[in-house]
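Here the structure is laid out as structure tokens; the discussion comes afterwards.
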Amino acid sequence: MRLKDKTALITGAGSGIGRCTALLFAEEGAGVVVNDIDAEGGQKTVEEITQAGGKAYFIQGDVTSSSSVEEMKRIFLKRFDKIDVLFNNAGISNIGALHEVSEKDWDKLMNVNIKGVFLMTKSFIPFMMERKTGSIINMSSCAAEIGLSKRVAYSATKGAVLAMTKAMQVDYAPYQIRVNALLPGTIFTPFVENYLKNAYENVEEALNKIKSRQLSGEIGKPIDAAMAALYLASDESKFMMGSPLYIDGGATFGKDA
Ligand code: NAD
Numbered sequence: 001m002r003l004k005d006k007t008a009l010i011t012g013a014g015s016g017i018g019r020c021t022a023l024l025f026a027e028e029g030a031g032v033v034v035n036d037i038d039a040e041g042g043q044k045t046v047e048e049i050t051q052a053g054g055k056a057y058f059i060q061g062d063v064t065s066s067s068s069v070e071e072m073k074r075i076f077l078k079r080f081d082k083i084d085v086l087f088n089n090a091g092i093s094n095i096g097a098l099h100e101v102s103e104k105d106w107d108k109l110m111n112v113n114i115k116g117v118f119l120m121t122k123s124f125i126p127f128m129m130e131r132k133t134g135s136i137i138n139m140s141s142c143a144a145e146i147g148l149s150k151r152v153a154y155s156a157t158k159g160a161v162l163a164m165t166k167a168m169q170v171d172y173a174p175y176q177i178r179v180n181a182l183l184p185g186t187i188f189t190p191f192v193e194n195y196l197k198n199a200y201e202n203v204e205e206a207l208n209k210i211k212s213r214q215l216s217g218e219i220g221k222p223i224d225a226a227m228a229a230l231y232l233a234s235d236e237s238k239f240m241m242g243s244p245l246y247i248d249g250g251a252t253f254g255k256d257a
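First residue of the sequence shown: 1, per this note's numbering; consecutive thereafter.
The structure is reproduced here in structure tokens:
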């Protein structure tokens with residue numbers, strides 16, 4: 001029960017890493033507020049948590065829209081009187097070298113992956129500031145640190161999230177709020193499945209290529225990232241501030257050649 005009596009809000013928790021983290025947080029005693037733009041996915045996460053005996057509540061919302069985020073806050077405040085953990089996890093990707101990325105796709109990516117973190121934090125951090133406590137986890141990626149082919153726009157967003165994390169930490173340290181970033185390598189989720197299908201003709205070959213850039217020789221699982229998020233959410237990481245937590249099978253720092 002590492003999150004006993006804590007309230008955690010997770011964006012993009014209707015799929016992949018977000019869903020897995022929501023289930024784990026609930027198992028560890030948190031009341032989990034599941035957000036996603038996709039109602040079906042979000043509700044499924046809540047059902048799974050409830051069936052396992054945990055506490056969860058779904059709030060549909062689009063993290064890129066200030067009116068939607070305000071509405072989320074209104075609904076949140078009707079049911080909850082505090083927030084201990086905000087996991088800014090919602091994110092999307094696209095593929096292409098810089099000259100291949102359309103302006104529309106560029107803007108969409110910046111909106112979800114960067115503006116989403118800005119709007120959600122702006123709306124919910126005042127409740128942490130009031131109580132002088134809280135942990136914010138921003139979803140970055142090892143793509144913020146290493147050059148990956150055809151990932152320029154995505155890497156730009158995740159680099160921005162890492163930079164925001166450090167600056168946010170300085171501003172909110174006086175409120176005893178911790179802000180850290182999670183930097184996963186490739187974790188097998190619908191996000192990666194779609195990326196592989198769209199970017200490669202031979203998915204098996206692509207999977208092997210990705211596996212080989214991680215020293216683990218394996219693709220990560222959502223639970224690998226969820227366990228790292230649990231550490232950042234819990235008081236066990238109380239001395240960790242403004243830091244990146246790599247959970248990447250060695251992709252960032254290792255090179256086996
Ligand atoms: P996923 O596609 O399985 O889940 C992402 C969820 O975010 C989806 O349910 C989607 O509906 C939701 N979402 C998208 N736009 C939204 C919006 N505007 N408002 C609210 N919700 C929205 O992806 P995942 O692999 O679980 O990725 C989760 C996060 O982890 C993303 O930020 C991603 O960039 C990051 N990440 C993933 C990997 C990986 O290999 N899977 C690696 C590093 C970082």
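All C-beta atoms in this analysis are idealised placements derived from N, C-alpha and C, irrespective of residue type, glycine included.
Looking at C-alpha atoms only, which residue of the options is the closest neighbour of residue i?
| i | options | result |
| --- | --- | --- |
| Gly-250 | Leu-230, Glu-218, Glu-236, Lys-150 | Glu-218 |
| Lys-221 | Pro-244, Lys-238, Asp-107, Pro-190 | Pro-190 |
| Trp-106 | Ala-156, Val-117, Leu-232 | Ala-156 |
| Leu-245 | Val-192, Glu-47, Val-161, Glu-205 | Val-161 |
| Gly-254 | Ala-173, Ala-52, Ala-167, Glu-145 | Glu-145 |
| Pro-184 | Gly-54, Tyr-195, Ala-143, Ala-26 | Ala-143 |
| Met-227 | Val-192, Ala-173, Ile-187 | Ile-187 |
| Arg-131 | Val-85, Met-168, His-99 | Val-85 |
Which residues in the same chain as residue i place their Cβ atom closer than 6 Å to its Cβ, once the five residues preceding and following it in sequence are excluded?
| i | result |
| --- | --- |
| Ala-199 | Ile-95 |
| Thr-133 | Gln-176 |
Hey, would you say residue i sits closer than 8 Å to residue j, going by beta carbons?
| i | j | result |
| --- | --- | --- |
| Gly-42 | Val-34 | yes |
| Gly-29 | Met-72 | no |
| Val-203 | Lys-197 | yes |
| Asn-89 | Gly-18 | yes |
| Val-170 | Ser-123 | no |
| Ile-59 | Ile-75 | yes |
| Asn-180 | Ser-102 | no |
| Gln-214 | Asp-235 | no |
| Leu-109 | Ala-153 | yes |
| Ser-140 | Lys-158 | yes |
Tell me whether residue i sits in a helix, a strand or coil according to DSSP, three-state version.
| i | result |
| --- | --- |
| Ser-135 | strand |
| Tyr-231 | helix |
| Ala-8 | strand |
| Gln-60 | strand |
| Ala-13 | coil |
| Phe-76 | helix |
For residue i, which residues in the same chain have their Cβ closer than 8 Å to its Cβ, ignoring the five residues on either side in sequence?
| i | result |
| --- | --- |
| Leu-230 | Arg-2, Leu-3, Thr-21, Leu-24, Phe-25, Glu-28 |
Cutting at 7 Å between CB atoms, please list the residues of its own chain near residue i, excluding the five before and the five after it.
| i | result |
| --- | --- |
| Asp-62 | Ile-37, Ser-68 |
| Lys-166 | Gly-242 |
| Phe-127 | Lys-82, Ile-83 |
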